[in-house]
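Scroll down for the structure; my scribbles are underneath it.
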Amino acid sequence: MAFYHKLGKIPQKRHTQFRKPDGNLYSEELVSTEGFSAIYSLIYHAHPPTLVKEVGEPYSVEPKVAIEKNLKSLSLRTFDVKPEADYLKSRVTLMVNNDLHIGVAAPMGEKMDYFFKNADADEMLFVHEGEGTVHTIYGDLDFEYGDYIILPRGTIYQIEFKTEKNRLFVLESFSPIRFPKRYQNDQGQLMEHSPFCERDIRLPENLKTHDEHGDFKVMIKKQGMIFPYTYATHPFDAIGWDGYHYPYIFSIHNFEPITGRVHQPPPVHQTFSGAGFVVCSFCPRKYDYHPKAIPAPYNHSNIDSDEVLYYVDGDFMSRNNIEKGQITLHPGGIPHGPHPGAAERSIGVEDTEELAVMVDPYRPFQITEAALALQDPDYYLSWLNH
Ligand SMILES: [Fe+2]
Numbered sequence: 062m063a064f065y066h067k068l069g070k071i072p073q074k075r076h077t078q079f080r081k082p083d084g085n086l087y088s089e090e091l092v093s094t095e096g097f098s099a100i101y102s103l104i105y106h107a108h109p110p111t112l113v114k115e116v117g118e119p120y121s122v123e124p125k126v127a128i129e130k131n132l133k134s135l136s137l138r139t140f141d142v143k144p145e146a147d148y149l150k151s152r153v154t155l156m157v158n159n160d161l162h163i164g165v166a167a168p169m170g171e172k173m174d175y176f177f178k179n180a181d182a183d184e185m186l187f188v189h190e191g192e193g194t195v196h197t198i199y200g201d202l203d204f205e206y207g208d209y210i211i212l213p214r215g216t217i218y219q220i221e222f223k224t225e226k227n228r229l230f231v232l233e234s235f236s237p238i239r240f241p242k243r244y245q246n247d248q249g250q251l252m253e254h255s256p257f258c259e260r261d262i263r264l265p266e267n268l269k270t271h272d273e274h275g276d277f278k279v280m281i282k283k284q285g286m287i288f289p290y291t292y293a294t295h296p297f298d299a300i301g302w303d304g305y306h307y308p309y310i311f312s313i314h315n316f317e318p319i320t321g322r323v324h325q326p327p328p329v330h331q332t333f334s335g336a337g338f339v340v341c342s343f344c345p346r347k348y349d350y351h352p353k354a355i356p357a358p359y360n361h362s363n364i365d366s367d368e369v370l371y372y373v374d375g376d377f378m379s380r381n382n383i384e385k386g387q388i389t390l391h392p393g394g395i396p397h398g399p400h401p402g403a404a405e406r407s408i409g410v411e412d413t414e415e416l417a418v419m420v421d422p423y424r425p426f427q428i429t430e431a432a433l434a435l436q437d438p439d440y441y442l443s444w445l446n447h
């Protein structure tokens, strides 16, 4: 995150004595990123965060790649993924490269009797359906439809769903997920031309200190494996913290679209960036208002980037037969464009209700077995007029 936040009690000066009412020291932990070169936070624990009781047998959750080299447009119906009671089991990875993995999850809201930590990747959980609270050591984040939940790697969390019907679009980034640099001034503040600002960011709140001893299971994901750890104290035992490194939420409904007289290019929709990819939000907006404008996009060749769209809601202007939760992949290397009739159909239309999340990876995606089970095998032929 690009700005400072703090919750709870912290000492006046870092790295100095900070004592509990009984006279014992709180345990200070520096959580830093990119070595010691990027943003960080300081957390004050009731107990050291190192009290490992047991490490269980690790197991693999490595995605099984079915297509290593792909040059075909694909369409997947992700709402065909069967709901799963357990949160971790519900996560299905669909496309992968060395920079990021994307997938979906349909957890049924079963209470998690464990905590989860992704030690490899920052996570973006886009909430398509469902609501609840993400509990972390930094505090709680209440979420609902349309929220991008950003969890920096290393953040131990537990999701409490209020709903049984939940659909998440999941992105794991092996580099930090950030706001685009061009939206920020040299102090990190979001500038006037940014489609959102700090007021739109929801921060952790209601810090509760769980000063508890027992057996606390933390499932740690690292290098495609889950390592079941058991700790002797509750992972959310902070009395306070401060810094720039913490989870937060941005709602897609707070993205203010940039419109123009003629079709605006995808970067105006950009919301996040990571090393090797961008995330864009396509939101309800006024269409282009040049008297001869064609609101549907032109055909385009992403020479050096695949393009993935996750369709959330509304009528998607450039595509026919699109359902909620559908994913299309248009690979770099071949052009794609509006479906037959879509360009003519868009002329004269004044606004759109479309809502979609786009992920453009700069390196080609490999396609998993789980993705192939969801695909429409004839999608790549869908631009033919017949
Ligand atoms: Fe496109």
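The opening residue of the sequence shown carries number 62 in this note's numbering; numbering runs sequentially from there.
Beta carbons are placed, not taken as given, at the ideal position from N, Cα and C, and that holds for glycine.
Under 8 angstroms by Cβ, that's how I've got residue i and residue j pegged, so tell me the actual separation to the nearest angstrom.
| i | j | result |
| --- | --- | --- |
| residue 373 | residue 385 | 7 angstroms |
| residue 193 | residue 313 | With 8 angstroms as the limit, residue 193 and residue 313 do not qualify as a contact, their Cβ atoms being about 17 angstroms apart. |
| residue 214 | residue 180 | 6 angstroms |
| residue 237 | residue 94 | 6 angstroms |
| residue 219 | residue 173 | 5 angstroms |
| residue 262 | residue 316 | No, residue 262 and residue 316 are not in contact; Cβ-Cβ is about 12 angstroms, not under 8 angstroms. |
| residue 428 | residue 308 | Contact flag wrong, Cβ pair sits at about 30 angstroms. |
| residue 324 | residue 356 | 7 angstroms |
| residue 383 | residue 371 | Contact doesn't hold; Cβ gap of about 11 angstroms is too wide. |
| residue 400 | residue 443 | 6 angstroms |
| residue 86 | residue 78 | 7 angstroms |
Over the uninterrupted alpha helix (DSSP H) stretch that includes residue i, give me the two end residues.
| i | result |
| --- | --- |
| residue 406 | 403-407 |
| residue 312 | Segment 309-312 is the beta strand (DSSP E) holding residue 312; no alpha helix (DSSP H) there. |
| residue 148 | 148-151 |
Verify whether the separation of the beta carbon atoms of residue i and residue j is less than 9 angstroms.
| i | j | result |
| --- | --- | --- |
| residue 157 | residue 188 | no |
| residue 197 | residue 265 | yes |
| residue 89 | residue 80 | no |
| residue 200 | residue 228 | no |
| residue 147 | residue 119 | no |
| residue 273 | residue 294 | yes |
| residue 423 | residue 337 | yes |
| residue 66 | residue 300 | no |
| residue 165 | residue 285 | no |
| residue 132 | residue 394 | yes |
| residue 230 | residue 418 | yes |
| residue 102 | residue 116 | no |
| residue 253 | residue 344 | no |
| residue 221 | residue 184 | no |
| residue 346 | residue 318 | yes |
| residue 426 | residue 392 | yes |
| residue 217 | residue 296 | yes |
| residue 281 | residue 149 | no |
| residue 410 | residue 163 | no |
| residue 268 | residue 137 | no |
| residue 278 | residue 176 | yes |
| residue 303 | residue 71 | yes |
How would you label residue i, buried or exposed, when you count the other beta carbons within 10 angstroms and need 16 or more for buried?
| i | result |
| --- | --- |
| residue 351 | exposed |
| residue 348 | buried |
| residue 362 | exposed |
| residue 225 | exposed |
| residue 223 | exposed |
| residue 449 | Within the shown structure, residues of the chain are numbered from 62 to 447, placing residue 449 beyond reach of any answer. |
| residue 276 | exposed |
| residue 97 | exposed |
| residue 259 | exposed |
| residue 390 | buried |
| residue 436 | buried |
| residue 154 | buried |
| residue 251 | buried |
| residue 256 | buried |
| residue 359 | exposed |
I need the boundaries of the beta strand (DSSP E) containing residue i, first residue and last residue.
| i | result |
| --- | --- |
| residue 293 | 286-294 |
| residue 433 | Element bounds for residue 433: not the beta strand (DSSP E) but the alpha helix (DSSP H), 430-433. |
| residue 159 | Run containing residue 159: none; DSSP gives neither H nor E here. |
| residue 258 | Note, residue 258: premise wrong, no beta strand (DSSP E); not H, not E. |
| residue 174 | First-last for residue 174: undefined, no H or E at that position. |
| residue 278 | 274-283 |
| residue 114 | 113-116 |
| residue 341 | 338-343 |
| residue 204 | 200-204 |
| residue 100 | Premise fails: residue 100 is in no beta strand (DSSP E) and is neither H nor E. |
| residue 208 | 208-212 |
| residue 92 | 88-93 |
| residue 138 | 135-138 |
| residue 422 | 416-422 |
| residue 304 | 299-304 |
| residue 316 | That residue, residue 316, is in no beta strand (DSSP E); it is neither H nor E in DSSP. |
| residue 351 | Note, residue 351: premise wrong, no beta strand (DSSP E); not H, not E. |
| residue 187 | 183-190 |
| residue 442 | Unbroken run through residue 442: none, as it is neither H nor E. |
Exercise. Can you list the residues near ligand 1, meaning Cβ strictly closer than 6 angstroms to any non-hydrogen atom, in the order they appear in the chain?
Key: 361, 368, 391 and 397
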